[in-house]
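**Student:**
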Amino acid sequence: MKNYEIIVVGGGHAGCEASHIAAYKGHKTALVTMNIKNIADMPCNPSIGGTAKGIIVREIDALGGLMGRVADRSHFQIKMLNSGKGPAVRSLRAQADKITYPKNMLQELKNLENLDIIEGMVEDIIVDNNVIKGIILENGEKIMCQCLILTTGTYLKGSILCGAEKHPGGPHGERRSNYLSDNLKKNGLHIQRLKTGTPQRIAASSIDFSKMKPETGDDTYWTFSHDFPPQYKINEQQKCYLIYTTLETKKIIEDNLDKSSMYGGYVEGIGPRYCPSIEDKVVRFHDKDHHQLFLEPESLYYDDWYLQGFSTSMPHDIQEQMVHSLPGLEHAKITKYAYAIEYDAIDPLQINPSLESKVLSGLFTAGQINGTSGYEEAAGQGIMAGINAALKLEQKAPLILKRNEAYIGVLIDDLVTKGTNEPYRMLTSRAEFRLILRHDNADLRLRDLAYKVGTISQEQYDNLNLKKQQIQELTKILQDNKLKLNDETKKIFQENNIEVPSISTSFYQLLKRPGISIQFINKLLDFNYPEAVLEQVEISTKYEGYIVKTNKEIEKMLKLESKQIPKDIDYSKVTNLASEARQKLEKIRPETIGQATRISGVNPADISILTIYLRKEYPHE
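Note that the numbering used here numbers the sequence shown so that position 551 is 631, with each residue one more than the last.
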């Protein structure tokens with residue numbers, strides 16, 4: 081009988097990160113997947129990153145994960161979204177090659193000493209006295225473990241829907257897991273039904289690109305990775321294309337709504353609010369006559385193009401009409417029809433912030449099984465589940481990322497505190513401290529923590545400390561040196577069409593002025609620091625006032641987070657609590673007062689009552 085310290089079930093983006101980080105930390109790990117060819121598969125959009133999501137990828141990389149550096153080696157276009165806006169909302173998005181990305185990810189996993197990859201279908205778990213002991217494969221084989229991480233994606237009782245047709249299966253028509261979710265339910269986990277979908281793929285040879293607006297990659301080099309230089313050529317990036325739906329498209333959808341799986345009543349699961357189907361868009365935004373779509377190449381190795389924004393569960397004949405109503409796609413050949421997929425997921429309110437189950441000791445979950453949507457959200461949970469499973473084996477406290485430390489922290493806190501009854505997608509608006517949680521400072525936020533838990537190398541940590549030192553040095557140079565208003569400096573201002581200051585000031589104060597960049601300051605002072613250091617100094621200087629204000633808000637939050645709630649508290653004994661608050665607190669069992677404040681249905685009066693009770697009954701806590 082095989083025996084591992086950690087077993088990861090599912091080879092998607094969550095499973096890859098979980099198994100990699102567990103093995104990297106030296107634990108004997110098995111990754112169990114139904115098909116090794118589907119490891120790191122991208123069944124939906126061919127991209128990594130996006131608004132807020134790109135920051136999650138940077139955070140995964142800062143923690144020692146794989147997604148960022150694999151994406152850097154696998155894309156054929158990359159750009160910084162919201163580059164014209166403030167640094168708080170900028171995020172990288174890369175068009176990844178659907179062939180190259182999984183290939184590179186698999187190679188990373190195969191290079192790990194402590195990781196075995198096993199092909200098989202997991203249908204049951206072995207539990208003894210509410211403690212995980214192992215798994216049972218479809219063929220009856222038992223594999224034992226101390227910690228189990230489930231990252232099953234959309235395969236738990238997955239069903240493919242297209243119009244009135246419904247048949248069992250996972251993405252690409254793969255087999256589904258028929259019994260695992262039932263067995264989880266038998267062991268006390270609450271199961272819910274969710275839905276997602278994917279749009280059509282179009283043959284490139286049938287597309288008239290002349291009717292579309294080209295979207296190019298940036299002419300600046302970017303990387304998700306903090307450790308490796310860019311590995312692509314700017315002028316070799318592939319184009320994407322922008323189009324809009326037409327009035328004809330809208331009419332076709334409206335006339336055939338009853339044929340949609342969703343509106344025809346064939347769907348049980350709840351779909352994603354923030355990534356809706358095209359028929360959802362037409363219904364919910366009835367006043368809009370046009371909706372934005374993108375055509376994106378899926379790979380350099382075949383000619384399928386992805387029609388982003390056109391997800392649907394309409395029958396094939398209606399999809400043909402819909403696609404042919406779009407400019408440039410009048411004669412399009414659909415190589416793969418759109419479909420919806422519904423699947424089982426657990427109630428994330430049954431998960432601790434460590435991603436360990438509240439019901440079964442040693443069971444961790446990550447990705448779509450927790451109710452999320454998106455490759456990046458899955459990978460972010462995966463690396464945290466892998467870290468915390470390893471720390472549990474090492475008898476160390478779990479790593480819990482706070483809302484001011486990472487988007488990953490916001491994601492997990494939202495799940496375990498608020499729950500979700502629809503696929504959760506990360507948005508910048510979900511983060512109240514987004515000025516602190518930027519693309520550019522993920523390493524500064526997280527690599528100290530990563531080093532402490534053993535997920536980055538000594539070299540990576542030394543590079544981090546060098547960067548910190550250089551930031552301090554350059555900041556001090558700017559603060560200690562004043563601009564000299566002589567003919568030479570005035571000329572530099574004039575040559576750059578910048579107004580000459582009326583009085584001498586420090587370069588630090590000068591940098592705060594609109595239109596003054598760190599690169600311009602460099603023309604006056606002539607210092608030599610890496611671009612990443614220059615960027616940090618510029619942002620921290622220009623936004624100093626806002627950052628100070630945000631840090632004060634963070635201090636208030638951390639005070640509440642420091643007030644622990646005893647695990648054995650009996651909420652029935654807390655008199656005067658509102659009935660809804662009592663029920664929510666009992667169900668979620670928050671670990672801190674701060675977490676309790678974020679539970680819907682628990683109001684400030686309830687928090688005051690709870691705080692007074694704790695002060696009286698637990699004076700030494």
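Ideal Cβ positions, reconstructed from N, Cα and C, are used throughout, including at glycine.
When burial is assigned at 16 or more other CB atoms within 10 Å of the CB, is residue 549 buried or exposed?
**Tutor:** One-based indexing of the sequence shown puts residue 549 at position 469. With fewer than 16 other Cβ atoms within 10 Å, it is exposed.
**Student:** Residue ranges of each beta strand (DSSP E) run of no fewer than 3 residues wholly in the stretch 332–404, ordered along the chain?
**Tutor:** 372–377 and 384–388
**Student:** Checking the sheet assignment: what are the DSSP bridge partners for residue 436?
**Tutor:** As a first step, residue 436 is located in the sequence shown; it is residue number 356 there, counting from the start. Residue 436 pairs with 444.
**Student:** Mind checking which residues open and close the beta strand (DSSP E) that includes residue 252?
**Tutor:** Stepping through the sequence shown from its first residue, residue 252 is reached at position 172. Here residue 252 belongs to no beta strand (DSSP E), and DSSP marks it neither H nor E.
**Student:** If you draw a straight line from the alpha carbon of residue 101 to that of residue 145, how long is it in whole angstroms?
**Tutor:** Position 21 of the sequence shown, counted from the start, is the residue given in the question as residue 101. Position 65 of the sequence shown, counted from the start, is the residue given in the question as residue 145. Each residue's alpha carbon lies about 7 Å from the other.
**Student:** What residue range is occupied by the uninterrupted alpha helix (DSSP H) comprising residue 147?
**Tutor:** On the sequence shown, position 67 is the one that residue 147 refers to. Counting along the chain, the alpha helix (DSSP H) containing residue 147 begins and ends at 147–152.
**Student:** Along the chain, where does the beta strand (DSSP E) containing residue 605 start, and where does it finish?
**Tutor:** Against the sequence shown, residue 605 aligns to sequence position 525. Careful: residue 605 lies outside any beta strand (DSSP E), inside the alpha helix (DSSP H) at 598–605.
**Student:** Whose C-alpha, out of 99, 427 and 92, is nearest the C-alpha of residue 191?
**Tutor:** On the sequence shown, residue 191 is found 111 positions in, with the first residue counted as 1. Out of 99, 427 and 92, the CA that lies nearest to the CA of residue 191 is found in 99.
**Student:** From the DSSP output, in three-state form, read off residue 294 for me.
**Tutor:** Counted from its first residue, the sequence shown places residue 294 at position 214. If DSSP states are grouped into helix, strand and coil, residue 294 belongs with the strands.
**Student:** How long is the line joining the alpha carbons of residue 704 and residue 425, rounded to whole angstroms?
**Tutor:** Lying outside 81 to 701, the shown extent of the chain, residue 704 is not represented and no answer is given.
**Student:** In chain order, what residues of the same chain lie with their CB nearer than 8 Å to the CB of residue 410, ignoring the 5 residues before and after it?
**Tutor:** Sequence index remark: in the sequence shown, residue 410 carries index 330 (1-based). Here the set comprises 288 and 404.
**Student:** For the structure I just gave you, are there three or more beta carbon pairs, one from the stretch 305–314 and one from the stretch 162–181, closer than 8 Å?
**Tutor:** no
**Student:** Quick check on the DSSP output: what are the complete alpha helix (DSSP H) runs of length 4 or more inside the stretch 543–614, in order along the chain?
**Tutor:** Counting whole runs of 4 or more residues, the stretch 543–614 contains the alpha helix (DSSP H) stretches 567–575, 587–591 and 598–605.
**Student:** Have a look at residue 529 and residue 486 and give me their C-alpha separation to the nearest angstrom.
**Tutor:** Position 449 of the sequence shown holds residue 529. Position 406 of the sequence shown holds residue 486. The C-alpha of residue 486 is placed about 11 Å away from the C-alpha of residue 529.
**Student:** In this structure, how does DSSP classify residue 98 when only helix, strand and coil are distinguished?
**Tutor:** Taking the first residue of the sequence shown as position 1, residue 98 is located at position 18. Residue 98: helix per DSSP, three-state reduction.
**Student:** Pull the bridge partners of residue 277 from the DSSP assignment, please.
**Tutor:** Taking the first residue of the sequence shown as position 1, residue 277 is located at position 197. According to DSSP, residue 277 bridges with 420.
**Student:** Given a cut-off of 8 Å on the beta-carbon distance, is the pair residue 201 and residue 120 in contact?
**Tutor:** Indexing the sequence shown from 1 puts residue 201 at position 121. Indexing the sequence shown from 1 puts residue 120 at position 40. It is not a contact, given that the beta carbons lie outside the stated cut-off.
**Student:** Pick out whichever of 472, 341 and 664 has its Cα sitting closest to the Cα of residue 276.
**Tutor:** Along the sequence shown, one-based indexing puts residue 276 at 196. Its Cα nearest to that of residue 276, the residue 341 stands out among 472, 341 and 664.
**Student:** How long is the line joining the alpha carbons of residue 233 and residue 668, rounded to whole angstroms?
**Tutor:** Your numbering for residue 233 matches position 153 in the sequence shown. Your numbering for residue 668 matches position 588 in the sequence shown. Their backbone Cα atoms lie some 24 Å apart in a straight line.
**Student:** Could you name the residues of the same chain whose beta carbon sits closer than 6 Å to that of residue 240, not counting the 5 residues immediately before and after it, in chain order?
**Tutor:** Sequence index remark: in the sequence shown, residue 240 carries index 160 (1-based). The answer, listed in chain order, is 247, 249, 419 and 421.
**Student:** Taking the CB atoms as reference points, tell me whether residue 777 and residue 502 lie closer together than 8 Å.
**Tutor:** The structure shown does not extend to residue 777, since the chain is modelled only from 81 to 701, so the question has no answer here.
**Student:** Can you give the Cα-Cα distance for residue 654 and residue 687, rounded to whole angstroms?
**Tutor:** As a position in the sequence shown, residue 654 is number 574, starting the count at 1. As a position in the sequence shown, residue 687 is number 607, starting the count at 1. The alpha-carbon atoms of residue 654 and residue 687 are separated by roughly 11 Å.
**Student:** Residue 600 and residue 563 look like a contact to me (Cβ under 8 Å); what is the Cβ gap, rounded to whole Å?
**Tutor:** Start at 1 with the first residue of the sequence shown, and residue 600 comes out as number 520. Start at 1 with the first residue of the sequence shown, and residue 563 comes out as number 483. With 8 Å as the limit, residue 600 and residue 563 do not qualify as a contact, their Cβ atoms being about 11 Å apart.
**Student:** So what does DSSP say about residue 504, is it helix, strand or coil?
**Tutor:** For the purposes of this step, residue 504 is identified with residue 424 of the sequence shown, where counting begins at 1. Strand, per DSSP.
**Student:** Going by other Cβ atoms of all chains shown within 10 Å of its Cβ, with 16 needed for buried, is residue 519 buried or exposed?
**Tutor:** To locate residue 519, count along the sequence shown from 1; it is residue 439. Under this definition residue 519 is a buried residue.
**Student:** By alpha-carbon positions, which one of 581, 469 and 427 ends up nearest to residue 271?
**Tutor:** Along the sequence shown, one-based indexing puts residue 271 at 191. When only C-alpha atoms are compared, the closest one is 427.
**Student:** Give me the DSSP bridge partner(s) of residue 207.
**Tutor:** What you label residue 207 is simply residue 127 of the sequence shown in a count that begins at 1. The bridge partners DSSP lists for residue 207 are 212.
**Student:** Please determine if the stretch 428–445 and the stretch 251–261 are in contact, where contact requires at least 3 C-beta pairs separated by less than 8 Å.
**Tutor:** no
**Student:** Is the beta carbon of residue 517 closer than 8 Å to that of residue 135?
**Tutor:** Along the sequence shown, read from residue 1 onward, the residue named residue 135 stands at position 55. Along the sequence shown, read from residue 1 onward, the residue named residue 517 stands at position 437. Cβ atoms of residue 135 and residue 517: closer than 8 Å.
**Student:** For residue 573, which residues in the same chain have their Cβ closer than 6 Å to its Cβ, ignoring the five residues on either side in sequence?
**Tutor:** Working through the sequence shown from its first residue, we reach residue 573 at position 493. Here the set comprises 580.
**Student:** Smallest Cα separation from residue 556: which of 614, 522, 571 and 512?
**Tutor:** As a position in the sequence shown, residue 556 is number 476, starting the count at 1. The candidate whose alpha carbon is nearest that of residue 556 is 614.
**Student:** For residue 598, collect the residues of the same chain with a Cβ closer than 7 Å to its Cβ; drop the 5 residues on either side in sequence, then sort them by chain order.
**Tutor:** Position 518 of the sequence shown, counted from the first residue, corresponds to residue 598. Excluding positions up to five away in sequence, the list reads 591, 614, 617 and 618.
**Student:** Are the CB atoms of residue 181 and residue 142 within a distance shorter than 8 Å?
**Tutor:** Taking the first residue of the sequence shown as 1, we reach residue 142 at position 62. Taking the first residue of the sequence shown as 1, we reach residue 181 at position 101. Between residue 142 and residue 181, the C-beta gap is not smaller than 8 Å, which leaves the two residues out of contact.
**Student:** Under a three-way DSSP split, which group does residue 131 fall into?
**Tutor:** Looking up residue 131 in the sequence shown gives position 51. In this structure, residue 131 counts as coil in the three-state DSSP scheme.
**Student:** Taking Cβ positions, are residue 281 and residue 208 nearer each other than 8 Å?
**Tutor:** The residue labelled residue 281 in the question sits at position 201 within the sequence shown. The residue labelled residue 208 in the question sits at position 128 within the sequence shown. No; because the gap between Cβ atoms is not below 8 Å, this pair is not in contact.
**Student:** May I ask you to list the residues that DSSP assigns as paired with residue 155?
**Tutor:** Taking the sequence shown and counting its residues from 1, one reaches residue 155 at position 75. According to DSSP, residue 155 bridges with 176.
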